[in-house]
Amino acid sequence: MPEPVPPQAELLHRGAAALSAADPELARLLDAEVVLQHATLAMVASTSIADPSVLAAAGAALSNVTAEGYPGARYHPGASQFDLVERLAVERAKQAFGAAYANVQPHSCSSANQAVLAALVRPGGTILALDLDSGGHLTHGSPASVTGMYYRAVHYGLDDEGRIDYEQVAALAEEHRPSVLIAGTSAHPRTLDFARFRAIADSVGAYLVADISHIAGLVAAGEHPTPIDLAHATTTSTYKQLGGPRGGLILIGREHATPGPDGRTPLSRLMQRAVFPLSQGTPSPAAIAAKARALALVAEPAFKETMRLVVDNAAALADSLTALGHRVLTGGTDNHMVLIDLTGRPMTGVIAERALEECGILANRNRVPDDTRPPLVTSGLRLGTNILAQRGMGPAGMRSCAALLHRVLEATVVRGEREYVLDAGERDAVRAGVAELCARYPLPLGPVSGVLDGPVSAVPAVFGLRAGEVP
Ligand code: DSN
């Protein structure tokens, strides 16, 4: 009798067993990563934890399917199950965001942005977007990105209070008549006024593209106003705040049938072509399955509760840091993000990042407006509350995190832009505090049947970094 075909769950189980037995070197590295995630307070603003069911879907045998095109219109055979999965992901994406159209194939939000721009702007055409140093994104026309190479990018900035300068947006739109106005940020702690962006876009006949990568969870949960019916296209990544796999989405609401630049083709059809074949080949079927799973979780009440906590936690974090004497950009936050401005202080972004990492606290260096330090050094530190809220931590826990962070920065003697000495006694004390918080708020990884070793004191060894070292 031939062996019956194992179900997907059995395949994953066999795969994990085979990995441990046949490739212990890699298996150990992957196990150490789980320990690391358990043992660190991750406040990198562009991260969230994928539920184990999302990780399982991302590892599905569906990955073996090669099929260009879209459900019902593939360029390869054997895609019948994948068609069903992709249709499910599309429906769930539309439902989660109240959209009329969704494309779930972009491999990232960067890919999604490139596809949308390719659909709406001719090469050499003008785009208007937030400046990178003011909290914009590379793919919004930065000179370091292909989008800055192929389009004429004009950038708006912030007002004196660090908010989006909408009057400047309107003036630049009037002056430069962009084909696309982008409303989206990667380091901005305040609510975006999508209606105002749309009015400006309309005043010059531009398409409005909203990139909600960082706030997609808040948008889906109703904790941030939605751009879906205001923008001509909305893009997002699926891992930053949606607890999904690495990947992106393109969404359109009321404007799905609006003609594109040729005056005929509806935006939804234009976006289909813009992803495939214009900018991508085969989609990633298992990633699309994982998106479907993550989007189902987004629809659950627990997700909304977590997003509420994300916002409350960020407010508590901003208040605590301000009370401890830190300069918080804009004086606070409306979303999940808090930015500390280190301008004029000896402390640099990279040293803060590295000293915190030595202690098991993860937050990334970030440029701030008018930053004079190099991009790898920076004068800012960006914090986010997604993962700690997923771990069940509330505002009281955030105040403890702020106190630990403050303690690290106070115990760090800066010797140059990248050189520092961290007091060893303070480092150990903070590590103990981090370990206590991590134990109290474990990662949401479902029921545990095996246990990995991982005291927080093991963190630097796991990272492979030496104390005081800036890579
Ligand atoms: N866009 C980068 C960030 O904001 O951290 C990574 O996704």
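Taking the numbering used here, I'd label the letters of the sequence shown as residues 476 to 946.
Using N, Cα and C, we set each Cβ at its ideal position, and we do this for glycine too.
Computed from a prediction, not measured in an experiment: that's the story for all the values here.
Contact check for Leu726 and Tyr545: beta-carbon distance about 16 Å, past the 8 Å limit, so the pair fails to qualify. Collapsing the DSSP output to three states places Ala762 in a helix. Assigned with DSSP and collapsed to three states, His731 falls in helix. Every beta strand (DSSP E) stretch that sits fully inside the region 560 to 644 and reaches 3 residues is listed by chain position as 576 to 578, 601 to 605 and 627 to 631. Asn588 and Ala904 have their C-alpha atoms roughly 44 Å apart. Within its own chain, the residues whose Cβ lies closer than 7 Å to the Cβ of Gly867, once the five positions on either side in sequence are excluded, are Tyr916, listed in chain order.
For Asp903, the secondary structure class from DSSP, reduced to helix, strand or coil, is helix. Leu559 and Leu863 have their alpha carbons spaced roughly 34 Å apart. Counting C-beta pairs closer than 8 Å gives three or more between the region 640 to 651 and the region 674 to 683, which meets the contact rule. Per the C-alpha coordinates, the member of Ala525, Val596 and Arg503 positioned closest to Leu745 is Val596. Separation of Gly692 and Lys779 (C-alpha to C-alpha, rounded to the nearest whole angstrom) is 8 Å. Taking a contact to require three or more Cβ pairs closer than 8 Å, the region 696 to 706 and the region 553 to 571 do not qualify as touching. Below 8 Å, too few C-beta pairs join the region 800 to 818 and the region 589 to 608 to call them touching: fewer than three.
Checking the DSSP bridge columns, you'll see Ile687 has no partner listed. Counting along the chain, Gly872 sits inside the alpha helix (DSSP H) bounded by residues Pro870 to Glu885.
Within the same chain, and ignoring the five residues on either side of Thr733 in sequence, the residues whose Cβ sits closer than 8 Å to its Cβ are His707, Pro741 and Leu742.
Contact between the region 529 to 544 and the region 753 to 769 is present, with at least three C-beta pairs closer than 8 Å.
Here the alpha carbons of Asp498 and Asp809 stand approximately 46 Å from one another.
For Leu667, the CB contacts under 6 Å within the same chain, skipping 5 residues up- and downstream, are Ala658 in chain order. The beta carbon of Arg882 is closer than 7 Å to those of Glu901 and Val905 in its chain, skipping five residues each way along the sequence. With a threshold of 7 Å, the Cβ atom of His811 does not count as near ligand 1, since no heavy atom of the ligand is closer than that. For Asn810, the secondary structure class from DSSP, reduced to helix, strand or coil, is coil. A direct Cα-Cα distance of roughly 28 Å separates Val529 from Leu753. Its chain contains Gly632, Leu633 and Pro844 as the residues whose beta carbon lies nearer than 7 Å to that of Ser609, once the 5 sequence neighbours on both sides are disregarded; these appear in chain order.
The DSSP-derived three-state label of Pro741 is strand. Counting other Cβ atoms within 10 Å of its Cβ, Met518 reaches 16 or more and is therefore classed as buried. Judged by DSSP in its simplified three-state form, Val889 adopts strand. Contact annotation: Ala695 and Ala571 have beta-carbon atoms nearer than 8 Å. In this structure, the beta-carbon distance from Thr709 to Gly723 does not fall below 8 Å. Excluding five sequence positions before and after Thr853, the CB atoms of its chain that fall closer than 7 Å to its own CB belong to Thr823, Gly824, Val825, Arg840, Asn841, Arg842 and Asp846, given in chain order. Distance from the CA of Glu833 to the CA of Asp898, rounded to the nearest whole angstrom, comes to 11 Å.
The Cβ atoms of Gly859 and Met812 sit closer than 8 Å to each other. Counting C-beta atoms within 10 angstroms of its own C-beta, Leu607 has 16 or more neighbours from the protein chains shown and is therefore classed as buried. Contact between Leu796 and Ile836 does not hold, since their C-beta atoms are separated by about 13 Å, which reaches or exceeds 8 Å.
Per DSSP, the beta-bridge partners of Val803 are Ile815. Per the coordinates, the alpha-carbon of Leu516 lies some 23 Å from the alpha-carbon of Glu894.
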